[in-house]
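These notes are about the structure you will find just below.
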Amino acid sequence: MKRTVTRRGLLRAGATTVVLGTAGCLGSSSEDEWDIEGTLAVTNAQQYSSPGCSCCGRYASYLRDHLDTTLGETETEDVTDLKRQHGIPSDLQSCHTLVLDEYVVEGHVPVEIIATMLDEVPAIDGIALPGMPAGSPGMGGTKSDTFTVYKLGSGKTGDVYTEI
Numbered sequence: 001m002k003r004t005v006t007r008r009g010l011l012r013a014g015a016t017t018v019v020l021g022t023a024g025c026l027g028s029s030s031e032d033e034w035d036i037e038g039t040l041a042v043t044n045a046q047q048y049s050s051p052g053c054s055c056c057g058r059y060a061s062y063l064r065d066h067l068d069t070t071l072g073e074t075e076t077e078d079v080t081d082l083k084r085q086h087g088i089p090s091d092l093q094s095c096h097t098l099v100l101d102e103y104v105v106e107g108h109v110p111v112e113i114i115a116t117m118l119d120e121v122p123a124i125d126g127i128a129l130p131g132m133p134a135g136s137p138g139m140g141g142t143k144s145d146t147f148t149v150y151k152l153g154s155g156k157t158g159d160v161y162t163e164i
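In terms of the UniProt record's numbering, the sequence shown opens at residue 1 and continues consecutively.
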């Protein structure tokens, strides 16, 4: 059986190699583990955070270092309504929602995954890393399991964008 090599497959393999190599060298969780070279080329970046959530601020600081533009930050009392407006199903929600140009990014998604999405320009509304997983950017702790990042859009839940 002949296998076809695609750009997406090569990018996914390369990203996995970088993540595993970095994790092995560092031995513990660090936001440096999730860094990329360059910045995210977006014109609009707005983060909506849950009130009093300290990890939202840490994620915003992490993200600011990787943007071509200024990050707007808003604490909103009605995060449920905001997430509903952006079509984020309850089982994919986290503590903050990021709007980057036409895409929505829910939760502590590493910038390397956001960069891949912006590069590929998929026909989706965005991506989500549900919950607040230890070892993800802004959360601290040690990554112990695979992170599953889901696609947002079309009212569907459960379609996997990538795993890291």
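Backbone N, C-alpha and C fix where the C-beta goes; we use that ideal spot for every residue, glycine too.
The structure displayed is predicted, hence computed values, not measured ones.
When you compare the CB positions of residue i and residue j, do they come within less than 7 Å of one another, or not?
i	j	result
leucine 71	alanine 45	yes
aspartate 125	leucine 152	yes
glutamate 77	serine 49	no
phenylalanine 147	proline 130	no
What three-state label does DSSP hand residue i in the structure shown?
i	result
leucine 40	strand
lysine 143	coil
alanine 45	strand
isoleucine 114	helix
glutamate 120	helix
valine 79	helix
alanine 134	coil
glycine 107	strand
glycine 57	helix
leucine 98	strand
leucine 71	coil
leucine 26	Residue placement at leucine 26 is poorly supported in this model, since its pLDDT is 35, which falls under 50; the coordinates still yield a value, given next. Of the three classes helix, strand and coil, the one that applies to leucine 26 here is helix, per DSSP.
Ignore the nearest five residues each way along the sequence and tell me which others in residue i's own chain have a CB closer than 7 Å to its CB.
i	result
leucine 105	With the sequence shown as reference, residue 105 is identified as valine, and leucine is not the correct amino acid for it. Within the same chain, valine 105 has close Cβ partners Leu98, Ile114, Gly126 and Ile127.
aspartate 101	Val42, Thr43 and Asn44
valine 109	Ile127, Leu129 and Val149
Using 10 angstroms around the beta-carbon of residue i, count the other beta-carbons present and answer buried if the total reaches 16, otherwise exposed.
i	result
threonine 162	buried
glycine 107	buried
proline 51	exposed
glutamate 120	exposed
glycine 38	exposed
valine 111	buried
serine 136	buried
Could you name the residues of the same chain whose beta carbon sits closer than 6 Å to that of residue i, not counting the 5 residues immediately before and after it, in chain order?
i	result
histidine 96	Gln47, Ser49 and Cys56
valine 79	Ser50
glutamine 64	Going by the sequence as given, residue 64 is arginine instead of glutamine. Only Leu71 meet the Cβ criterion.
Please return the same chain residues whose Cβ sits closer than 8 Å to the Cβ of residue i, not counting the five positions on each side in sequence.
i	result
cysteine 53	Cys95 and His96
glycine 158	Tyr150
valine 160	Thr148, Val149, Tyr150 and Lys151
leucine 67	Thr39, Leu40, Val42 and Ala45
cysteine 25	Here the model assigns cysteine 25 a pLDDT of 32, short of 50, so the residue's position is not dependable and the matter cannot be decided.
Any heavy atom of the ligand FMN within a distance shorter than 6 Å of the CB on residue i?
i	result
threonine 146	For the ligand FMN, the structure offers nothing, since it holds no ligand at all.
How close, in whole Å, do the beta carbons of residue i and residue j come, if the pair is a contact with beta carbons under 8 Å?
i	j	result
glycine 141	arginine 58	Their Cβ separation, rounded to whole angstroms, is 12 Å, which puts glycine 141 and arginine 58 out of contact at 8 Å.
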